[in-house]
Ligand code: PXG
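Residue numbers (the numbering used here): 1426 to 1716.
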């Protein structure tokens, strides 16, 4: 049985899921999306992802033509139709079909689709040994332009950074903002651990407010580790005791080398390992369950 996807109100075969070449999601990157994990039929922090999708849509003045509850139901239906137990959901809302011109008011009907499938995960060895990352020349977009807090279909800036990392032989890129502050990676937020305190860049510097980031902050605080959101530069990164990334795909993953500087003792740190362990405990219960 082939993959079934949700497209504009219906579940259809992947082969039948066709979108117009006049869709402004394709022509202009005019739309928003979410990437969500499913762990043992629990859609992880689903309400938070739905809320972020609506917040992104609001910023770009896109009216999602379904209610939050309808989107939740459509997602569950898509998971059920594909027998998803553990997997990945991609939810996309575009401005819809329009003319050859920017005008979004000439796009009468937004396009909504939901894909539930498998996800390409980081190999387990990176969780054990840690990642090496580099800072790349492409900076974060300015919050005053396309605000990086929107999970928009304009990911080209991140894609350029990802290519720069790939060309250097590493999996993720550390990105700075125009003032030289460390902000986040191409698809992951960043944390440092220094003297038992977690430090992460504030989102106003130009970061996405990651759902995983929020979750790790809550777990850390419950465990008694102080968490501060504060701007910092590469100097603080190089001299941190521990460093790790968070994201839907990565979950929480240790970083042991940044721009050829070894972080801490070059191995995933104890607080990072503890947080990864605690995070993995809640993935199957912290969300919306279906069966
Ligand atoms: N920053 C950026 C720029 C992102 O795109 C995150 C941080 C982490 O946010 P969440 O909410 O996921 O904790 C993201 C999310 C992929 C993939 O296929 C990337 C993301 C989400 C899902 C899949 O690489 N990025």
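The beta-carbon is built from N, C-alpha and C at its ideal position, and this holds for glycine as well. Nothing here was measured: the structure is a model prediction, and the numbers come from that model.
Inset, instruction - Flag residue 1636 as yes when its Cβ comes closer than 7 angstroms to any non-hydrogen atom of the ligand PXG, and as no otherwise. - result: Here the question's residue 1636 lines up with position 211 in the chain shown. True, at least one ligand heavy atom lies under 7 angstroms from that Cβ.
Legend entry - Sequence-distant residues of its chain with Cβ nearer than 7 angstroms to residue 1506 (five each side left out): Along the chain shown, one-based indexing puts residue 1506 at 81. For residue 1506, where only same-chain residues beyond five positions count, the Cβ hits under 7 angstroms are 1429, 1436.
Legend entry - Same chain only: Cβ atoms within 6 angstroms of residue 1608, ignoring 5 sequence neighbours per side: Here residue 1608 is taken as the residue at index 183 of the chain shown, counted from 1. Cβ within range, chain order: 1565, 1600, 1602, 1626, 1630, 1631, 1632.
Inset, instruction - Just tell me which of 1547, 1492, 1484 has its CA closest to the CA of residue 1386. - result: As shown, the chain starts at 1426 and ends at 1716. That puts residue 1386 outside it, with no answer to give.
Inset, instruction - Confirm the yes/no value for this check: CB of residue 1612, any heavy atom of the ligand PXG, distance under 7 angstroms. - result: Here residue 1612 is taken as the residue at index 187 of the chain shown, counted from 1. Result yes, Cβ under 7 angstroms from the ligand PXG.
Legend entry - Integer Cβ distance of residue 1614 from residue 1672, believed to fall under 8 angstroms: As a working note, residue 1614 is residue 189 in the chain shown. As a working note, residue 1672 is residue 247 in the chain shown. Indeed, because the Cβ distance is near 7 angstroms, the residues count as touching under 8 angstroms.
Inset, instruction - Spatial neighbours of residue 1646 within its chain, please: CB distance less than 8 angstroms, with the 5 preceding and 5 following residues excluded, ordered by chain position. - result: Mapped onto the chain shown, residue 1646 falls at position 221. 1652.
Inset, instruction - Would you mind stating whether residue 1458 and residue 1515 have Cβ atoms separated by less than 8 angstroms? - result: Indexing the chain shown from 1 puts residue 1458 at position 33. Indexing the chain shown from 1 puts residue 1515 at position 90. Cβ atoms of residue 1458 and residue 1515: closer than 8 angstroms.
Inset, instruction - Name, in chain order, the residues that DSSP records as bridge partners for residue 1445. - result: Looking up residue 1445 in the chain shown gives position 20. DSSP output for residue 1445 lists no bridge partner at all.
Inset, instruction - Check residue 1692 in the structure and name its three-state DSSP category. - result: Position 267 of the chain shown, counted from the start, is the residue given in the question as residue 1692. Coil at residue 1692, not helix or strand.
Inset, instruction - Look at residue 1462 and residue 1513 and say whether their C-beta atoms are less than 8 angstroms apart. - result: Here residue 1462 is taken as the residue at index 37 of the chain shown, counted from 1. Here residue 1513 is taken as the residue at index 88 of the chain shown, counted from 1. Yes, they are a contact pair.
Inset, instruction - Going by DSSP, name the residue or residues bridged to residue 1542. - result: In the chain shown, counting from the first residue as 1, residue 1542 sits at position 117. Answer is 1513.
Legend entry - Proximal residues to residue 1465 (C-beta, below 7 angstroms), its chain only, five neighbours per side dropped: Translated into positions along the chain shown, residue 1465 becomes position 40. Correct list, in chain order: 1510, 1511, 1709.
Inset, instruction - Look up residue 1456 in the DSSP assignment and give the residues it is bridged to. - result: By 1-based counting over the chain shown, the position of residue 1456 is 31. Note: residue 1456 sits in a beta bridge opposite 1519.
Inset, instruction - Below 6 angstroms CB to CB, which residues in the same chain sit around residue 1681 once its five sequence neighbours on both sides are set aside? - result: Residue mapping note: residue 1681 aligns to position 256 of the chain shown, counting from 1. Only 1555, 1688, 1691 meet the Cβ criterion.
Legend entry - Pair within 8 angstroms by beta-carbon distance, residue 1521 and residue 1535: Numbered from 1 along the chain shown, position 96 holds the residue referred to as residue 1521. Numbered from 1 along the chain shown, position 110 holds the residue referred to as residue 1535. For residue 1521 and residue 1535, yes; Cβs fall inside 8 angstroms.
Legend entry - Continuous beta strand (DSSP E) stretch holding residue 1557: start and end: Reading the chain shown from its first residue, position 132 is the one you call residue 1557. From DSSP, the beta strand (DSSP E) with residue 1557 extends over 1556-1560.
Legend entry - the segment 1690-1707 in contact with the segment 1633-1645 per 3-pair CB rule at 8 angstroms: yes
Legend entry - For residue 1492, three-class secondary structure by DSSP: Within the chain shown, the letter at position 67 stands for residue 1492. Correct three-state label for residue 1492: coil.
Legend entry - Beta-carbon gap between residue 1586 and residue 1558 smaller than 8 angstroms: Reading the chain shown from its first residue, position 161 is the one you call residue 1586. Reading the chain shown from its first residue, position 133 is the one you call residue 1558. The answer is no: Cβ separation not under 8 angstroms.
Inset, instruction - From the DSSP output, read off the bridge partner residues of residue 1463. - result: By 1-based counting over the chain shown, the position of residue 1463 is 38. Bridge partners of residue 1463: 1468, 1512.
Legend entry - residue 1460 CB to nearest heavy atom of the ligand PXG below 7 angstroms: On the chain shown, residue 1460 is found 35 positions in, with the first residue counted as 1. Under cutoff, so the answer is yes.
Inset, instruction - Give a yes or no on whether the C-beta atoms belonging to residue 1665 and residue 1700 are separated by under 8 angstroms. - result: Numbered from its first residue, the chain shown carries residue 1665 at position 240. Numbered from its first residue, the chain shown carries residue 1700 at position 275. Not a contact, by the Cβ cut-off of 8 angstroms.
Inset, instruction - Kindly indicate which residue of 1675, 1707, 1716, 1712 has the alpha-carbon position closest to the one of residue 1550. - result: For this step, residue 1550 is matched to residue 125 along the chain shown. When each option's Cα is compared against that of residue 1550, the closest is 1675.
Inset, instruction - Say yes only if the C-beta of residue 1609 is nearer than 7 angstroms to one or more non-hydrogen atoms of the ligand PXG, and no if none qualify. - result: Position 184 of the chain shown, counted from the first residue, corresponds to residue 1609. Correct: residue 1609 has its Cβ closer than 7 angstroms to the ligand PXG.
Inset, instruction - Return yes when the C-beta of residue 1583 is under 7 angstroms from any heavy atom of the ligand PXG, and no when it is not. - result: Taking the chain shown and counting its residues from 1, the one referred to as residue 1583 is at position 158. True, at least one ligand heavy atom lies under 7 angstroms from that Cβ.
Inset, instruction - Please go through the segment 1655-1685 and give each complete alpha helix (DSSP H) segment of 4 or more residues, from N-terminal end onward. - result: 1659-1663
Inset, instruction - Could you please give the first and the last residue of the uninterrupted beta strand (DSSP E) stretch that includes residue 1433? - result: Position 8 of the chain shown, counted from the first residue, corresponds to residue 1433. No beta strand (DSSP E) contains residue 1433, which DSSP labels as neither H nor E.
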